[in-house]
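Engineer: As they're listed, the protein sequences go chains A and B.
For what it's worth, the working numbering labels the leading residue of the first sequence as -9, then goes sequentially.
For what it's worth, the working numbering labels the leading residue of the second sequence as 6, then goes sequentially.
Virtual Cβ for every residue (Gly too), placed ideally from N, Cα, C.
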Amino acid sequence: MNDKIENTQSQMRKGILEMCILSILEKGDAYPTEIIEELKDAKLIVVEGTLYPLLNRLKDAGYLNYQWKESTQGPPRKYYKITPEGKKLLKELKENWEDIVKSVNKIIKK
Amino acid sequence: MKKTTNIHLSGIIFNIEEDAYEKLSHYLKSIETHFSNHTGKKEILEDIENRIAEILSSKVSNYKQVITLEDVNEVIQTLGEVDQFETESGQSEKQEYSTTIKKRFYRNPDDKIIGGVCGGIAAYFDIDPLWIRLAWAIAFFVFGTGLFVYILLWIIIPEAQTPSQKLEMRGEQINLSNISKGITEDLNQLKNKASNEFSNLSSNKFIAFFQSLFSEVLQFIIKIIKWSAKALAIFVFFICLFILVVLLASIFGETSVYISTQVFNASLMTSQFFDTTFQYIAFKIAVFLILVVPILYLLSLLIKLLFNIKKNFKYISFTALVLWISGWFIFVPIIIQIVDRYSEKSYSKSAIAKYIIPNKTIYIKMNETYEDVNMDEKNFKIKLSNVFYYSSDASSKNIGYPSVILRKSKDDSLRINIIHSALAETPKQAKKYAQNIQYSFSINDSIIELNPFFNIPKEDQFHFQRVKLIIEIPSNRYVYLSKNMKHFLIDTENNLNLDEDEIVGNKWLMGIDQLQCVENCEEYKAKSYQSKINKIKDENDEEEDGE
């Protein structure tokens, strides 16, 4: 049973993470380190390695794109930008999320 | 003092301490392996390297120019170990990109009709169980092969009881693309390692490089050998299955196999040697235990090996051994009985003498209209010694063909000695069987007409019955041997030293001790010469073969 709980949790977390990445980028373009900082603050992730495959997938699916920008320190950085499709997806995800929160709260707080 | 190495990440050069380098390199390799099946592998790796470069460049300044182990540890802590990626980004990702779920053969308790074997196979190969059941139903009628293999699988395959066993039962799909995926993964790892080792060359680690390359290549070869061993096991498995079908067919089947014109029916053949059905069934059981049990055991070992079944074979091995030995305990006494059954030989002799007018040629021929026997070859089921088991729609019995010998008579009369013989447990019984043989021929004037078959009463079964006709011909008499005497003549000497089969269809004169050629002698001499040449040739060939 433990396996099952863990699996559901990680599935949920994955969906939530994708939503959060999209909403961070909706506020403005950012490079991975900035996104990580915000996610770490919100205690959504602990290690940075998690983020890269997620960004890669979102980019491949057409929800994000990026451009290179020179950095004063270290190598050039990828600045990620949300695409119109990404915005559409985010809107849907947010609506879904609110629905879920509402329904779950209803049950939990009874 | 510590030695440093130069590396570059995302176009930035770093001075790094050796131990720190080792750790970083190992870390990057583990990430590479982790994402090896990911479509965006290259990009993700670039991103991660980029990030590492960023962190490391914040660690160096004018005062601290070298990357230390501590810095690398910090990088790893920030980015996280590979297994942390998995837990944070969801397990579905692990399922998508890893091939490590071990699949096992289990009987399926949720989809069963008898023992859940078919359901388990269907789950293992991910196909509709209906097809498996259909195949099994067909196999069931192939002399019961399906039944035995089913019982075998029922015994050796455990039932999936816990949820995790049920998960294992379905596991990952086993198909060709998966197998090739496994191999390419191994190849990729090997390639990666090799190229990484190449980049190490600068730091003069020739020996270490070759050692590790050698061990990698060796591991790869071992993997290849493992795969080919599996392929071999599958091959042997199907051979065993084929042998099983053939064995069961000969034990339980009643079908005949036609080998050119000879009919072979193992079941009918063996049944001829037993006088009681009980003995015959016991014999069949013994053959089953001695031959089929080891094949079934071998099959179960192969299945265990191929499908990675965890089952203690102690009891199965023990049972198989006990069954096999008990098979011998049944078999040996039966064989002794059978040998005993044919241990004594006895004869029944009779003779007919007739005076023949001199100068008249004696004709010897086979009766071609032998009505008792329908000459259709399909009716001759088996041949034992010179006896056929004959069975037509109307009747079934044993019939045999007689042997004919021509000799010189001591006096002026034509004499025919008829010798019946048989083998049995006691001389008395043998005599009875010999006497029971029915054989007839006719002498009409100077024409001897023989029957091509003798009859054995049905209840007598097979007892090596034989009929030998010794025809004694007075000297200076002409004998014409009809062409249809071919195959019946034995032990008959002639002045041309021709084989018995070659002297038929010609006229001969009984000389002082053997037949003399009178007609077409040139032709027969040529025949004789030719046959001698052939004989010499054959002998030479044999010698050559011997060498």
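Between B/Ser408, B/Glu221, B/Phe242, which lies nearest to B/Ile495 when the distance is taken from Cα to Cα?
Structural biologist: For the purposes of this step, residue 495 of chain B is taken as the residue at position 490 of the second sequence. Answer by Cα proximity: B/Ser408.
Engineer: Please classify B/His31 as buried or exposed, where buried requires at least 16 other C-beta atoms within 10 Å of its C-beta.
Structural biologist: The count along the second sequence starts at 1 and reaches residue 31 of chain B at position 26. Exposed, since its Cβ has fewer than 16 Cβ neighbours within 10 Å.
Engineer: Using a Cβ cut-off of 7 Å, pull out every chain B residue sitting near A/Tyr70, in sequence order please.
Structural biologist: Start at 1 with the first residue of the first sequence, and residue 70 of chain A comes out as number 80. Per Cβ cutoff of 7 Å: no residues; A/Tyr70 is ~11 Å from chain B at best.
Engineer: List the endpoints of the continuous alpha helix (DSSP H) containing B/Leu14.
Structural biologist: Working through the second sequence from its first residue, we reach residue 14 of chain B at position 9. Here B/Leu14 belongs to no alpha helix (DSSP H); instead the beta strand (DSSP E) covers 9 to 14.
Engineer: Grab me the residues of B/Asn193's own chain with a C-beta within less than 7 Å of its C-beta, minus the 5 sequence neighbours each way, in chain order.
Structural biologist: Along the second sequence, read from residue 1 onward, the residue named residue 193 of chain B stands at position 188. Excluding residues within five positions, the ones whose Cβ falls inside 7 Å are Ser41.
Engineer: Comparing C-alpha positions only, which one of B/Lys47, B/Tyr534, B/Ser480, B/Asn460 sits nearest to B/Thr415?
Structural biologist: Residue mapping note: residue 415 of chain B aligns to position 410 of the second sequence, counting from 1. First, the amino acid is wrong: residue 415 of chain B is Lys here, not Thr. Nearest of B/Lys47, B/Tyr534, B/Ser480, B/Asn460 to B/Lys415, Cα basis: B/Ser480.
Engineer: Since A/Lys49 is in the alpha helix (DSSP H), which residue starts that stretch and which ends it?
Structural biologist: Here the question's residue 49 of chain A lines up with position 59 in the first sequence. From DSSP, the alpha helix (DSSP H) with A/Lys49 extends over 41 to 50.
Engineer: Spatial neighbours of B/Leu428 within its chain, please: CB distance less than 7 Å, with the 5 preceding and 5 following residues excluded, ordered by chain position.
Structural biologist: Counted from its first residue, the second sequence places residue 428 of chain B at position 423. Excluding residues within five positions, the ones whose Cβ falls inside 7 Å are Tyr347, Glu349, Lys350, Ala435, His468, Phe469.
Engineer: Please say whether A/Tyr42 and B/Ile53 have beta carbons closer to each other than 7 Å?
Structural biologist: To locate residue 53 of chain B, count along the second sequence from 1; it is residue 48. To locate residue 42 of chain A, count along the first sequence from 1; it is residue 52. For B/Ile53 and A/Tyr42, yes; Cβs fall inside 7 Å.
Engineer: Cα separation between B/Leu2 and B/Ile229?
Structural biologist: With chain B represented from 6 up to 552, any question about residue 2 of chain B goes unanswered, as that position is not in the structure.
Engineer: Based on Cα-Cα distance, which residue from B/Lys64, B/His43, B/Asn78 lies nearest to A/Arg47?
Structural biologist: Here the question's residue 47 of chain A lines up with position 57 in the first sequence. Nearest of B/Lys64, B/His43, B/Asn78 to A/Arg47, Cα basis: B/His43.
Engineer: Does the region 511 to 523 of chain B come close enough to the region 443 to 462 of chain B that 3 or more CB-CB pairs lie under 8 Å?
Structural biologist: Flag = no, the region 443 to 462 of chain B and the region 511 to 523 of chain B do not touch.
Engineer: What number of angstroms, rounded off, separates the C-alpha of B/Lys7 from the C-alpha of A/Ala51?
Structural biologist: The residue labelled residue 7 of chain B in the question sits at position 2 within the second sequence. The residue labelled residue 51 of chain A in the question sits at position 61 within the first sequence. In a straight line, the C-alpha of B/Lys7 is about 47 Å away from that of A/Ala51.
Engineer: Nearest CA to the CA of B/Asn391: which residue from B/Ile137, B/Ile517, B/Phe458, B/Leu135?
Structural biologist: For the purposes of this step, residue 391 of chain B is taken as residue 386 along the second sequence, with counting starting at 1. Taking only the C-alpha atoms, the option nearest B/Asn391 is B/Phe458.
Engineer: Report yes if the CB atom of B/Asn372 is closer than 7 Å to the CB atom of B/Asn460, and no otherwise.
Structural biologist: Here residue 372 of chain B is taken as the residue at index 367 of the second sequence, counted from 1. Here residue 460 of chain B is taken as the residue at index 455 of the second sequence, counted from 1. Judged by beta-carbon spacing, B/Asn460 lies beyond the 7 Å limit of B/Asn372, meaning their Cβ atoms are not closer than that value.
Engineer: Between B/Asn55 and chain A, is there a C-beta pair that is closer than 7 Å?
Structural biologist: Counting from one through the second sequence, the residue named residue 55 of chain B turns up at place 50. By this cut-off, B/Asn55 is an interface position.
Engineer: For chain B, is any of its Cβ atoms less than 7 Å away from the one on A/Glu38?
Structural biologist: In the first sequence, the residue the question calls residue 38 of chain A occupies position 48. Contact with chain B is found for A/Glu38, since one of that chain's Cβ atoms lies less than 7 Å from the residue's Cβ.
Engineer: Strictly by DSSP, which residues pair up with B/Ile421?
Structural biologist: Within the second sequence, residue 421 of chain B is the residue found at index 416, counting from 1. Per DSSP, B/Ile357, B/Ile476.
Engineer: Within 7 Å of any Cβ in chain A, is that where the Cβ of B/Ser220 sits?
Structural biologist: As a first step, residue 220 of chain B is located in the second sequence; it is residue number 215 there, counting from the start. Answer no: the Cβ-Cβ gap between B/Ser220 and chain A never drops below 7 Å.
Engineer: What residues match up with A/Lys59 in a beta bridge as DSSP calls it?
Structural biologist: One-based indexing of the first sequence puts residue 59 of chain A at position 69. Beta-bridge analysis with DSSP links A/Lys59 to A/Arg67.
Engineer: For B/Val409, list the residues DSSP reports as bridge partners.
Structural biologist: Stepping through the second sequence from its first residue, residue 409 of chain B is reached at position 404. Beta-bridge pairing links B/Val409 to B/Leu474, B/Leu494.
Engineer: What would DSSP say about B/Lys69, mapped onto helix, strand or coil?
Structural biologist: If you number the second sequence from 1, residue 69 of chain B lands on position 64. If DSSP states are grouped into helix, strand and coil, B/Lys69 belongs with coil.
Engineer: Output, in chain order, the set of chain A residues within a Cβ distance shorter than 8 Å of B/Ile17.
Structural biologist: Reading the second sequence from its first residue, position 12 is the one you call residue 17 of chain B. Using a Cβ-Cβ cut-off of 8 Å, B/Ile17 is close to Gly64, Pro65 of chain A, given in chain order.
Engineer: When you compare each of B/Asn11, B/Glu528, B/Gly121, B/Gln443 to B/Ile404 by their alpha carbons, which one comes out closest?
Structural biologist: Along the second sequence, read from residue 1 onward, the residue named residue 404 of chain B stands at position 399. Among B/Asn11, B/Glu528, B/Gly121, B/Gln443, the Cα nearest to that of B/Ile404 belongs to B/Gln443.
Engineer: Is there contact between the region 69 to 82 of chain A and the region 13 to 21 of chain A, where contact requires at least three CB pairs shorter than 8 Å?
Structural biologist: yes
Engineer: Would A/Asp19 pass as an interface residue toward chain B - the criterion being a Cβ-Cβ separation below 7 Å?
Structural biologist: For this step, residue 19 of chain A is matched to residue 29 along the first sequence. No, no contact with chain B.
Engineer: Kindly list, in the order they appear in chain B, the residues whose Cβ is closer than 7 Å to that of A/Tyr42.
Structural biologist: Locating residue 42 of chain A in the first sequence gives position 52, counting from the first residue. Going along chain B in sequence order, the residues near A/Tyr42 (Cβ under 7 Å) are Ile49, Asp52, Ile53.
Engineer: Buried or exposed, going by whether 16 or more other CB atoms sit within 10 Å of the CB of B/Lys433?
Structural biologist: In the second sequence, the residue the question calls residue 433 of chain B occupies position 428. By the 10 Å Cβ count, B/Lys433 comes out exposed.
Engineer: Scan the region 74 to 88 of chain B for residues whose Cβ lies nearer than 7 Å to a Cβ of chain A and list them as they occur along the chain.
Structural biologist: Taking 7 Å as the Cβ-Cβ cut-off against chain A, the residues of the region 74 to 88 of chain B that qualify are Thr83, Leu84, Gly85.
Engineer: Only counting the same chain, and skipping five residues up and downstream in sequence, which positions put a Cβ closer than 7 Å to that of B/Ala325?
Structural biologist: Your numbering for residue 325 of chain B matches position 320 in the second sequence. Result list for B/Ala325: Val298, Tyr302, in chain order.
Engineer: By the 10 Å Cβ neighbour count, where 16 or more other Cβ atoms means buried, how is A/Met2 classified, buried or exposed?
Structural biologist: Here residue 2 of chain A is taken as the residue at index 12 of the first sequence, counted from 1. Exposed, because fewer than 16 other Cβ atoms sit within 10 Å of the Cβ of A/Met2.
Engineer: Closer than 8 Å between beta carbons: that is the criterion. Which residues of the region 8 to 35 of chain A meet it against chain B?
Structural biologist: Pro22, Thr23, Ile35
Engineer: For B/Phe243 and chain A, any beta-carbon pair shorter than 7 Å?
Structural biologist: By 1-based counting over the second sequence, the position of residue 243 of chain B is 238. Not an interface residue.
Engineer: Return the bridge partner residues of A/Ala20 from the DSSP annotation.
Structural biologist: Counting from 1 along the first sequence, the entry for residue 20 of chain A is found at position 30. Looking at the DSSP assignment, A/Ala20 forms a beta bridge with A/Tyr70.
Engineer: Nearest-angstrom Cα distance between B/Ala287 and B/Ile335?
Structural biologist: For the purposes of this step, residue 287 of chain B is taken as residue 282 along the second sequence, with counting starting at 1. For the purposes of this step, residue 335 of chain B is taken as residue 330 along the second sequence, with counting starting at 1. One C-alpha to the other measures close to 7 Å.
Engineer: At the level of alpha carbons, what is the spacing between B/Tyr102 and A/Ile97?
Structural biologist: For the purposes of this step, residue 102 of chain B is taken as residue 97 along the second sequence, with counting starting at 1. For the purposes of this step, residue 97 of chain A is taken as residue 107 along the first sequence, with counting starting at 1. Unreliable positioning characterises B/Tyr102 in this predicted model, as indicated by a pLDDT of 36, which lies under 50. A coordinate reading is not provided.
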